[in-house]
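Enquirer: First to last, the sequence lines map onto chains E and A. Numbering-wise (the numbering used here), the first sequence opens with residue 1049 and increments by one. Numbering-wise (the numbering used here), the second sequence opens with residue -3 and increments by one. Supplied in structure tokens, the structure appears directly below.
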Amino acid sequence: MTESTNTQSDCGPTLGVLLLRAWLGVRAVLTGIEKFSDTRTLQVPLLDAAGKPDSSGAVVEVTQKFYSLHSYHAIPDSMKDKFAQEPLLPSLLTTSYYAVLGWALIALGIAVLLGLWTRASLFLMGLLYVSLTVGLILIKQDAGVAWLAIHVALIAVALSLCRHNRFTLTRS
Amino acid sequence: MSPRDPSPGAVGLGRRRFLKTATAAGISMALAPLRSAYGQAGAPGDAINVALVGLGAQGRVLMDAMLKIPGVRFVAVCDIWPYARTYGQRYLKKNGFEVRAYENHQDMLEKERDVHAVIVASPDFWHAPITNDCLRAGHHVYCEKMMSNTIEGARSMVRTMKETGKLLQIGHQRRSNPRYLVARNRLLGEAHLLGRITAVNGQWNRAVSADLGWPNHTAMTPELLQRYGFADMHQFRNWRWFKKYGGGPLSDLGAHQIDIFNWFLDTTPSTVIGSGGRDYYEGHEWLDNAMVIYEYRLPDGMARAFYQVQTTTSAGGGYFEQFMGTEGTLRMSENPKYTTINREAAAPPWDPWVSRHFLAPQKAPAKSDDDSSGGSEKVDARETAELAGYYLPVILTKAIHQPHLENFFNAVRGKGALNCPADEAFKSEMAVFKAIEAVESRSLVTCQPSDFTA
């Protein structure tokens, strides 16, 4: 009876850390992938109800989303311009940072999802969000800072529950 | 040489009668009569021999549009002004066409035997005489709007078209613009997006401009000008402002937009009142500014349509025709930047039409960091909720007159019907004349359905 109760009480933290890994992993992977997305405008014939070209010969512009390595953009241009004006963010640093940001989010997200060196992966992901926070503080994006703080708090909770971590590819 | 009075010619097999005959004989209604008409002209292949009458600003716009249409072969140009005539001849030569040039259309009709279609872009008061002569000479005609500066002139053009069985397209080019066709046929027709249309308004506002001049050495002699009905060189260059030659701004600019009122509402007005006057320009005869209100009796109920044309303002919001209904508002313009579509908050969702690309949601403007005004907040409790914004994704990649000219040439080839035959254009012509009458008499003018039939 007592053993069964202990097993049930251990299940909660295990599921909790699993959920946190899932959320943080998916969040990071998809955010990283989106940095390789762009939209293009296509011109296609307007179709009638039967699926045939409209009798007017009308052509419509349709916006289509796509992904490619060439479309990579670490952060929006408007934000990049603001960072460029910050004396505490030298261009040498930001250029390298932009180059790895998307790839780092994808790699850390996959590692957290699969349970690859979970503690280290979670910690690095937390540091990445802290680094993003630095930039947002400098350009006074307080809402973004608060948003990232939630991410970091979730990572901290996940790290504190790591002793209950199961379903991992590596032990640590 | 003065304009000849149009007189009824020999009544041959009318176009409509021919259509009925063709149907009875099991021949394609749309193609057979038109092919037959084109065949009589003896055109080899798909090439169409074209003569252009009138090489002023509008004639040059049409010339440029036609140069982009495959199968159009210029053979002659005609203008009383040697300066314009020479310009047209040289311009076409640069574009690969050796054309013969004429001072008047009658000389041209006598000497040119291989013309299939004539494009008329002369001053309005010459439209009817030139068009009637060309139709009677066996040519198909594309004539700029207004059809004429007189009701009788416009009526004579419709009658001649019917008598000769030739094609007569009037230059209301919006009727062939795919953006307008989709707006009318899909948004208002198929999707019935606006619900019951209760109000319409349109405008064309223009900044003050100086009268047109001319290089001194190009001035025509008084004798030459008077031979073709012009008082002097100034009136020749600025004919749009004089009652003898044209219809003023309500005719020059308003005719296009009042035509859209009629076409989109699929009916003609029952009354019109108006106000306007010559308040600014010295030396003009026609009014500078005018505001008119039509009443349209629609199947769902009454709709009122306000129209203003102003030539003494800034662009003032540009030019558009706006249709307002219980479920939404459509603002159409030849210029896509003035075109908007808005859905009332209580209207049914438009998602099905968005998925068919009839319209697309507007992207919300980026909010600036320091925007603390709450842009969408009401400033008055009686305001209606903010409308969802959409745009028309249809694009026109050609010059705005090109689709209408292509429609004309396709009809000449027997490939389809005209988008704006003269009898259809006459309805809008009459609506403009009624508006001018209302403005000048400062009274309510009633329109009978029979007024709109030539």
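Beta carbons: idealized from backbone N, C-alpha and C, even for Gly. Quick caveat: nothing in here was measured; it's all calculated off a predicted structure.
Mind checking whether Pro417(A) and Gln165(A) have CB atoms under 9 Å apart?
Expert: One-based indexing of the second sequence puts residue 417(A) at position 421. One-based indexing of the second sequence puts residue 165(A) at position 169. A contact, by the Cβ cut-off of 9 Å.
Enquirer: For Pro265(A), tell me which candidate among Gly272(A), Arg438(A), Ile256(A) and Gly273(A) has the shortest Cα-Cα distance.
Expert: Numbered from 1 along the second sequence, position 269 holds the residue referred to as residue 265(A). The option with the nearest alpha carbon to Pro265(A) is Ile256(A).
Enquirer: With a threshold of 16 other CB atoms inside 10 Å of the CB of Glu278(A), please say whether the residue is buried or exposed.
Expert: The residue given as residue 278(A) occupies position 282 in the second sequence. Exposed, by the Cβ-count rule.
Enquirer: Compare the C-beta of Tyr334(A) with all C-beta atoms of chain E and state if any pair is closer than 9 Å.
Expert: For the purposes of this step, residue 334(A) is taken as the residue at position 338 of the second sequence. It does not: the Cβ of Tyr334(A) has no partner Cβ on chain E nearer than 9 Å.
Enquirer: Can you pull the chain E residues whose beta carbon is under 9 Å from the beta carbon of Val178(A), in chain order?
Expert: Residue numbering aside, residue 178(A) sits at position 182 when the second sequence is read from its first letter. Within chain E, the residues near Val178(A) are Leu1094, Asp1102, Ser1104, Ala1106 and Val1108.
Enquirer: Within 10 angstroms of its Cβ, does Thr335(A) collect 16 or more other Cβ (buried), or is it exposed?
Expert: Here residue 335(A) is taken as the residue at index 339 of the second sequence, counted from 1. That one is buried.
Enquirer: Verify the CB distance criterion: does Thr1142(E) have a CB-CB separation below 9 Å to chain A?
Expert: In the first sequence, residue 1142(E) corresponds to position 94, counting from 1. Taking Cβ atoms only, chain A never reaches closer than 9 Å to Thr1142(E), which makes this a no.
Enquirer: Is it buried or exposed for Leu1288(E), if we count other Cβ within 10 angstroms and need 16 for buried?
Expert: What the structure shows of chain E is the stretch from 1049 to 1220, and residue 1288(E) is not part of that stretch, so it cannot be assessed.
Enquirer: Is there at least one non-hydrogen atom of the ligand NAP closer than 8 Å to the beta-carbon of Gln398(A)?
Expert: This structure lacks the ligand NAP; in fact it carries no ligand of any kind.
Enquirer: Let me know the secondary structure DSSP gives Gly8(A) once reduced to three states.
Expert: Here residue 8(A) refers to the residue found at position 12 when the second sequence is read from its first residue. Annotation note: pLDDT 32 at Gly8(A) (below 50); position unreliable, coordinate value reported separately. Gly8(A): coil per DSSP, three-state reduction.
Enquirer: Using a C-beta cutoff of 9 Å, does Arg409(A) count as contacting chain E?
Expert: Translated into positions along the second sequence, residue 409(A) becomes position 413. No, no contact with chain E.
Enquirer: Check the C-beta distance from Val114(A) over to Ala97(A) and give it rounded, since I have them as a contact under 8 Å.
Expert: Reading the second sequence from its first residue, position 118 is the one you call residue 114(A). Reading the second sequence from its first residue, position 101 is the one you call residue 97(A). Going by Cβ atoms, the distance from Val114(A) to Ala97(A) rounds to 15 Å, so no, they are not a contact pair.
Enquirer: Under 8 Å, with one C-beta from each stretch per pair, do the region 207 to 223 of chain A and the region 301 to 318 of chain A reach the 3-pair mark?
Expert: Not touching, per the Cβ criterion.
Enquirer: If we count the other Cβ atoms within 10 Å of its Cβ and call it buried at 16 or more, is Leu61(A) buried or exposed?
Expert: Stepping through the second sequence from its first residue, residue 61(A) is reached at position 65. In the sequence as displayed, the identity of residue 61(A) is Ala instead of Leu. It is buried - the Cβ of Ala61(A) has at least 16 other Cβ atoms within 10 Å.
Enquirer: Where DSSP assigns a beta bridge to Glu291(A), which residues make up the other side?
Expert: As a working note, residue 291(A) is residue 295 in the second sequence. According to DSSP, which records beta bridges pairwise, Glu291(A) is partnered with Thr267(A) and Arg300(A).
Enquirer: Determine the direct distance from the alpha carbon of Thr309(A) to that of Glu140(A), and round the result to whole angstroms.
Expert: Position 144 of the second sequence holds residue 140(A). Position 313 of the second sequence holds residue 309(A). Distance between the alpha carbons of Glu140(A) and Thr309(A): 26 Å.
Enquirer: Mind pulling the chain A residues with CB within less than 9 Å of Gln1091(E)?
Expert: Looking up residue 1091(E) in the first sequence gives position 43. By Cβ distance, chain A contributes Ile391 and Thr393.
Enquirer: Cβ of His397(A) less than 9 Å from any chain E Cβ?
Expert: In the second sequence, residue 397(A) corresponds to position 401, counting from 1. Not closer than 9 Å to any Cβ of chain E, the Cβ of His397(A) fails to qualify, so no.
Enquirer: So, does the CB of Ala1097(E) fall closer than 9 Å to a CB anywhere in chain A?
Expert: Translated into positions along the first sequence, residue 1097(E) becomes position 49. Yes, Ala1097(E) counts as interfacial toward chain A.
Enquirer: For the alpha helix (DSSP H) containing Leu1195(E), name the first residue and the last one.
Expert: The residue labelled residue 1195(E) in the question sits at position 147 within the first sequence. Reading off the sequence, residue 1195(E) comes out as Trp, not Leu. Counting along the chain, the alpha helix (DSSP H) containing Trp1195(E) begins and ends at Asp1190 to Ser1208.
Enquirer: Taking DSSP as the reference, what is the three-state secondary structure of Gly1099(E)?
Expert: On the first sequence, position 51 is the one that residue 1099(E) refers to. Gly1099(E): coil per DSSP, three-state reduction.
Enquirer: Between the beta-carbon of Arg459(A) and the beta-carbon of Leu388(A), is there less than 9 Å?
Expert: Look at the range of chain A in this structure, -3 to 450, and you will see that residue 459(A) is not part of it.
Enquirer: Would you mind sorting Tyr224(A) into buried or exposed? The rule is 16 or more other CB atoms within 10 Å of its CB.
Expert: For this step, residue 224(A) is matched to residue 228 along the second sequence. When all chains shown are included, Tyr224(A) counts as buried.
Enquirer: Is there a Cβ from chain A that is less than 9 Å from the Cβ of Thr1111(E)?
Expert: Along the first sequence, read from residue 1 onward, the residue named residue 1111(E) stands at position 63. Chain A contact via Cβ: present.
Enquirer: Using the C-alpha atoms, what's the distance from Lys1113(E) back to Phe448(A)?
Expert: Here the question's residue 448(A) lines up with position 452 in the second sequence. Here the question's residue 1113(E) lines up with position 65 in the first sequence. The alpha-carbon atoms of Phe448(A) and Lys1113(E) are separated by roughly 51 Å.
Enquirer: Could you list which residues in chain E have their beta carbon closer than 9 Å to that of Pro66(A), in chain order?
Expert: Within the second sequence, numbered from 1, the residue matching residue 66(A) stands at position 70. Chain E residues near Pro66(A): none, gap ~15 Å exceeds 9 Å.
Enquirer: If contact is defined by three or more beta carbon pairs under 8 Å, each pair taking one atom from either stretch, is the region 426 to 442 of chain A in contact with the region 178 to 191 of chain A?
Expert: Touching, no, given that fewer than three Cβ pairs across the two stretches are closer than 8 Å.
Enquirer: Which residues of chain E have a Cβ atom closer than 9 Å to the Cβ of Pro174(A), listed in chain order?
Expert: In the second sequence, the residue the question calls residue 174(A) occupies position 178. Those are Leu1094, Asp1102, Ser1104, Gly1105, Ala1106 and Val1107, listed as they occur along chain E.
Enquirer: Helix, strand or coil, according to DSSP, for Tyr224(A) in the structure here?
Expert: The count along the second sequence starts at 1 and reaches residue 224(A) at position 228. Tyr224(A): coil per DSSP, three-state reduction.
Enquirer: Return yes when the Cβ of Ser424(A) is within less than 9 Å of the Cβ of His168(A), no when it is not.
Expert: Position 172 of the second sequence, counting from 1, holds the residue named residue 168(A). Position 428 of the second sequence, counting from 1, holds the residue named residue 424(A). A contact, by the Cβ cut-off of 9 Å.
Enquirer: Looking at the structure shown, is Leu1184(E) part of a helix, part of a strand, or coil, going by DSSP?
Expert: For the purposes of this step, residue 1184(E) is taken as residue 136 along the first sequence, with counting starting at 1. Three-state result, Leu1184(E): helix.
Enquirer: Taking 9 Å as the threshold (C-beta atoms), are Gly1183(E) and Val1074(E) in contact?
Expert: Along the first sequence, one-based indexing puts residue 1074(E) at 26. Along the first sequence, one-based indexing puts residue 1183(E) at 135. No.
Enquirer: Which stretch, first to last residue, makes up the beta strand (DSSP E) that contains Val1108(E)?
Expert: In the first sequence, the residue the question calls residue 1108(E) occupies position 60. Residues Val1107 to Tyr1115.
Enquirer: Which residues in chain E sit within 7 Å of His353(A), going by Cβ to Cβ distance?
Expert: In the second sequence, counting from the first residue as 1, residue 353(A) sits at position 357. Per Cβ cutoff of 7 Å: Leu1094, Val1108 and Val1110.
Enquirer: For Asn181(A), which residues in chain E fall below 9 Å Cβ to Cβ?
Expert: Locating residue 181(A) in the second sequence gives position 185, counting from the first residue. Those within 9 Å of Asn181(A) in chain E are Asp1102, Ser1103 and Ser1104.
Enquirer: Return no unless some Cβ of chain E is closer than 9 Å to the Cβ of Glu420(A).
Expert: Working through the second sequence from its first residue, we reach residue 420(A) at position 424. Cβ-Cβ to chain E under 9 Å: no for Glu420(A).
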